[in-house]
Amino acid sequence: MAALNPGRSLLQRLRPYVAVFDLPLALIILLLLSVGLVTLYSAGLAIPGKVTDQVRNIGAAFVVMWLAANTPPQTLMRIAAPVYALAVLLLVAVALFGTIKGGSRRWITVGVQIQPSEFMKIAMPLMLAWYFQLQAGRLRWHTYAAAAALLAVPVLLIARQPDLGTALLVVAAGGAVIYLAGLAWKVLAALALAGCAALPVLWTMLHDYQRERVLTLIDPYHDPLGQGFHIIQSMIAIGSGGAGGKGWTHGTQAHLEFIPERTTDFIFAVFSEEFGLVGNLVLVTLYLLLIWRATSIALNAPTFFTRLLAGAITMIYFTYAFVNMAMVSGIVPVVGVPLPFMSYGGTALFTLGIGAGILMSISHFTRTVRHGAGGSVPAWGVTA
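If you want it as C-alpha cells, here you go:
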C-alpha cells in the first residue's frame with residue numbers, strides 16, 4: 543500500500559529495489575565491462591555488430607543481476623534443490639537429444655538454444671550450500687561423501703559432452719563449498735595424492751585433442767603451424783605489447799587475424815598487445831578488487847548458507863580470470879573459459895550477472911541483519 547501513497551515520490555518508491563546494489567561491487571564490474579567494450583571494439587573491427595550485440599548482452603545480464611539481487615537468501619534456499627534437479631535433467635537431455643557443434647554435444651533447443659552446463663555453475667553451489675545448511679552442526683564424513691556425489695554427477699555429464707572448461711568451473715564452485723564447509727586438510731591432501739596417482743589412467747581417458755592440448759602446452763613449437771600456432775601467436779601478442787602497448791586499435795596480431803577467438807576466449811591477448819604491461823597491471827588490479835569485494839561479502843555473511851554460497855561465487859570469479867589469463871599466456875592448456883565481464887558472449891555473461899546479483903543479495907541481507915535486526919541471525923541461518 544505504501545507504493546500507492548501519493549505523498550511518496552517515484553525515487554522513494556524505487557529506492558528499496560535499488561538499495562540492494564552493492565556499490566563497490568557494482569563499480570568494479572562496471573569498470574571491467576567498460577574495459578571489455580573498449581577492447582572488444584578493437585578486436586572486432588572486422589566483425590560488424592559485435593559491440594552492439596555485447597551491449598545487448600550486458601543489458602540482459604544487468605536485468606538478471608537486478609532480479610537476483612532482489613531475491614532474498616531465504617528464497618534462494620527454497621529454490622536450490624529444484625534448480626539443481628532441473629539443471630541435471632537438462633544435462634541428461636543434452637546427452638540424449640543435444641545439438642552437436644564442432645564435435646561437442648553441449649546445446650539443447652527449448653524454444654531457444656541454451657547451454658545447460660552454464661546454469662550448473664550457479665545451481666551447483668546453491669545446492670551444496672543448501673545441503674550443508676541442512677546438515678549444520680552434524681557434519682560427518684558421509685556428509686562430505688554425499689556432497690561429493692552431488693558434485694560428481696553434473697561434472698561427469700559435462701565432461702562427457704566434452705567440455706572440460708565448464709567442468710573445471712563447476713568443480714571449482716562445488717569444491718569451494720565443500721572445503722569451506724569444513725573438509726579437513728588431511729582429506730584434501732589424500733585426494734590430491736590420489737589424483738596424482740590416477741594421472742596415467744586419466745590420460746588414457748582423454749580425447750585425442752585434449753591430449754594434444756597438454757602436449758602443446760609443454761612444447762608449442764613441436765607443431766608451430768598446426769596445434770601450436772594459436773598459442774604461439776597469442777604469446778607473441780602479449781610479449782609484443784611491451785610496457786605501454788602498441789595503442790588502442792593498433793594491435794597487429796589481432797587485426798591481421800593471427801589471434802584465434804580474439805573477441806571471446808583470447809581477448810586478453812588483444813588487450814595485452816594494445817595496452818601492454820601497464821594495462822595488464824590495471825586489469826589484474828580490477829580483478830583483485832573484484833575478488834577482494836566478493837571475499838569480503840563472504841566473510842561478513844551472517845549465516846552458514848550465505849557464507850558458503852558467496853565463497854563459491856568468489857571462487858568462480860577467481861577461476862574464470864586465472865584460467866583464462868593463464869591459458870592465453872601458455873601456462874595452462876587451452877580450455878573454453880572466457881575472461882569474466884570482458885569476453886564477448888551472452889551465456890557466460892548471464893551466469894556472471896546472476897552470480898553478482900546473488901553476492902549483492904547477500905550483502906544487502908548482511909546489512910539488514912546487522913542494522914535492521916539488531917545483529918541477530920535468523921533461525922533458518924544458524925551456523926555450523
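Numbering (our numbering), first residue to last: 543 to 926. Backbone N, C-alpha and C define an ideal beta-carbon position, used for all residues, glycine too. Fair warning: this is a prediction, and the values are worked out from it, not measured in the lab.
Determine the closest residue to Ile865 out of Ser903, Gly897, Val826 and Met619, with distance taken between C-alpha atoms. A small correction: the amino acid at residue 865 is Val; Ile does not occupy that position in the sequence shown. Just measuring C-alpha positions, the residue of Ser903, Gly897, Val826 and Met619 sitting nearest Val865 is Val826.
Kindly list the residues whose CB is nearer than 6 Å to the CB of Gln703, restricted to its own chain and excluding five residues on each side of it in sequence; keep chain order. Ser646, Arg647 and Arg648
To test your reading of the DSSP string, which unbroken alpha helix (DSSP H) runs of 4 or more residues are found completely within the segment 684 to 753? 706 to 722, 727 to 739 and 741 to 747
Have a look at Leu567 and Leu831 and give me their C-alpha separation to the nearest angstrom. 9 Å
Three or more C-beta pairs below 8 Å linking the segment 888 to 906 and the segment 855 to 869: yes
Between Ala622 and Trp672, is the Cβ-Cβ spacing less than 7 Å? yes
DSSP three-state call for Ile833: helix, strand or coil? The three-state reading of DSSP puts Ile833 in helix, counting H, G and I together.
Indicate the three-state DSSP secondary structure (helix, strand or coil) for Ile650 in the structure shown. strand
For the candidate residues Pro667, Met607, Tyr862 and Thr791, whose alpha-carbon lies nearest to that of Leu881? Sorting Pro667, Met607, Tyr862 and Thr791 by C-alpha distance to the C-alpha of Leu881 places Tyr862 at the top.
Does the segment 697 to 713 come close enough to the segment 616 to 634 that 3 or more CB-CB pairs lie under 8 Å? yes
Quick one: residues in its chain with C-beta nearer than 7 Å to the C-beta of Met902, no 5 flanking neighbours on either side, listed in chain order? Val562, Phe563, Asp564, Leu567 and Ala611
How about Thr848 and Ile809: are their beta carbons less than 7 Å apart? no
In the DSSP assignment, the alpha helix (DSSP H) including Lys643 goes from what residue to what residue? Counting along the chain, Lys643 falls outside any alpha helix (DSSP H), though it belongs to the beta strand (DSSP E) covering Thr641 to Lys643.
Could you name the residues of the same chain whose beta carbon sits closer than 6 Å to that of Thr930, not counting the 5 residues immediately before and after it, in chain order? In the structure displayed, the chain extends from 543 to 926; residue 930 sits before or after that span and is not available.
Once the 5 residues before and after Ala926 are set aside, which same chain residues still bring their CB inside 6 Å of it? With a pLDDT of 47 at Ala926, under the threshold of 50, the modelled position of this residue cannot be trusted, and the question is left open.
Span of the alpha helix (DSSP H) holding Thr517? Look at the range of the chain in this structure, 543 to 926, and you will see that residue 517 is not part of it.
Using the rule of at least 16 other Cβ atoms within 10 Å of the residue's Cβ for burial, across every protein chain shown, is Leu574 buried or exposed? buried
Determine the extent of the alpha helix (DSSP H) in which Ile600 is found, giving its start and end residues. Lys592 to Ala611
Can you tell me whether Tyr626 is buried or exposed, with buried defined as 16 or more other CB within 10 angstroms of its CB? buried
Quick check: Leu927 and Gly724, are their CB atoms within less than 7 Å of each other? With the chain represented from 543 up to 926, any question about residue 927 goes unanswered, as that position is not in the structure.
Which of the three DSSP states, helix, strand or coil, is assigned to Ala545? Because Ala545 sits at a pLDDT of 49, beneath the cut-off of 50, its placement in the model cannot be relied upon, and the following sentence gives the value as read from the coordinates. Residue state, collapsed to three classes: helix.
Assumed close pair Lys592, Gly586 - CB separation to whole angstroms, cut-off 8 Å: 3 Å
Just to confirm my understanding: we take Pro762, look at its own chain, exclude 5 residues before and 5 after, and list those with CB closer than 7 Å. What are they? Cβ neighbours of Pro762 within its own chain (closer than 7 Å, five residues either side excluded): Gly770, Ile773, Ile774 and Gly872.
For Gly783, which option in Asn822, Ser838, Val756 and Arg804 has the closest C-alpha, if you only look at C-alpha atoms? Answer by Cα proximity: Asn822.
What would DSSP say about Ile589, mapped onto helix, strand or coil? Three-state result, Ile589: coil.
Since Gly899 is in the alpha helix (DSSP H), which residue starts that stretch and which ends it? Thr889 to Arg909
The segment 875 to 890 touching the segment 800 to 807, judged by at least three CB pairs closer than 8 Å: yes
Using 6 Å as the cut-off, classify the Cβ of Gln769 as near or not near the heavy atoms of the ligand NAP, replying yes or no. In the structure shown, the ligand NAP is absent, as is every other ligand, since no ligand is present at all.
Indicate the three-state DSSP secondary structure (helix, strand or coil) for Gln795 in the structure shown. Three-state DSSP puts Gln795 in a helix.
With the cut-off set at 7 Å, would you say Val654 and Ser776 are in Cβ contact? no
Given a cut-off of 7 Å, decide if Thr893 and Lys643 are closer than it, judged by their beta-carbon atoms. Against a cut-off of 7 Å, the Cβ pair of Thr893 and Lys643 comes out as no contact.
Going by C-alpha to C-alpha distance, which of Gly818, Leu693 and Leu851 sits closest to His792? Gly818
Residues that Ile656 bridges to, as DSSP identifies them: Ile650
Tell me whether Arg620 sits in a helix, a strand or coil according to DSSP, three-state version. helix
Can you round the beta-carbon distance between Gly707 and Val879 to whole angstroms, since I take them to be within the 8 Å contact cut? 5 Å
Label Ile801 either buried or exposed according to how many other C-beta atoms from any shown protein chain fall within 10 Å of its C-beta, with 16 as the threshold for buried. buried
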